[in-house]
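So the protein sequences, as listed, match chains A and B. In this text, residue positions in the first sequence follow the working numbering: the first is 311, and each later residue adds one. In this text, residue positions in the second sequence follow the working numbering: the first is 234, and each later residue adds one. Where a beta carbon is used, it is the ideal one built from N, C-alpha and C, also for glycine. Please read all numbers here as calculations on a predicted model, not as lab measurements.
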Amino acid sequence: DTAVSQTPKYLVTQMGNDKSIKCEQNLGHDTMYWYKQDSKKFLKIMFSYNNKELIINETVPNRFSPKSPDKAHLNLHINSLELGDSAVYFCASSQGDRALFFGSGTQLSVL
Amino acid sequence: DQQVKQNSPSLSVQEGRISILNCDYTNSMFDYFLWYKKYPAEGPTFLISISSIKDKNEDGRFTVFLNKSAKHLSLHIVPSQPGDSAVYFCAASTVGAQKLVFGQGTRLTINP
């Protein structure tokens, strides 16, 4: 009964490949997010969606494309992966009170 | 431009003593502050929050203090327990922004 679940947990791939990370929340929240934790451990927002509508896009390269088929799902597709994309990607959701609930993260390693 | 800063990358405290984690911010528009706790290979979990209209919020062993004039907040954990060993992130938001800005985290180690 995990509240925010994302798959896969680990993703190892070659430069230039395309990959997707999936996220689902069963909390009934209206807003979902993708955050990136880089090598310096900063957690930075990439995107947020409210009821399937994109509301925040924080100067993320066009190679990153989020997709929200419904308000319980927010997937992240990454084209032409680069070495610098290696990081931990966290999905999160929230409802009103501004506290985010996070998934367990996807460790992406680009070789 | 890091708007939320946690200047101590690590902190080591004896079990049973008080742990104090600090956080500074630069954006005076922030009106809501949160602390998250993160274990390895897990996502951050919400711990406690405080609105800018308050200067203190308490929840069990955890208390958050906010000093708006100094743009500083702190998290007090007392008494500290071994299970409190984790990375603690401070975060802040502004009304309507629908996003959190995080500090870089402080690794807390509780020694038996």
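Look up residue i in the DSSP assignment and say whether it is helix, strand or coil.
| i | result |
| --- | --- |
| residue 345 of chain B | coil |
| residue 292 of chain B | strand |
| residue 393 of chain A | helix |
| residue 348 of chain A | coil |
| residue 317 of chain B | helix |
| residue 373 of chain A | coil |
| residue 403 of chain A | strand |
| residue 385 of chain A | strand |
| residue 259 of chain B | coil |
| residue 282 of chain B | strand |
| residue 247 of chain B | strand |
| residue 330 of chain A | strand |
| residue 380 of chain A | strand |
Using a Cβ-Cβ distance under 9 Å, would residue i count as near chain B?
| i | result |
| --- | --- |
| residue 370 of chain A | no |
| residue 341 of chain A | yes |
| residue 394 of chain A | no |
List the DSSP bridge partners of residue i.
| i | result |
| --- | --- |
| residue 300 of chain B | B:305 |
| residue 408 of chain A | Paired residue(s): none; residue 408 of chain A is not in a bridge. |
| residue 339 of chain A | Per DSSP, none; premise fails for residue 339 of chain A. |
| residue 359 of chain A | A:342, A:364 |
| residue 321 of chain A | A:418 |
Please confirm whether residue i has its beta-carbon closer than 9 Å to some beta-carbon of chain A.
| i | result |
| --- | --- |
| residue 249 of chain B | no |
| residue 297 of chain B | no |
| residue 261 of chain B | no |
| residue 285 of chain B | no |
| residue 321 of chain B | no |
| residue 338 of chain B | yes |
| residue 274 of chain B | yes |
| residue 277 of chain B | yes |
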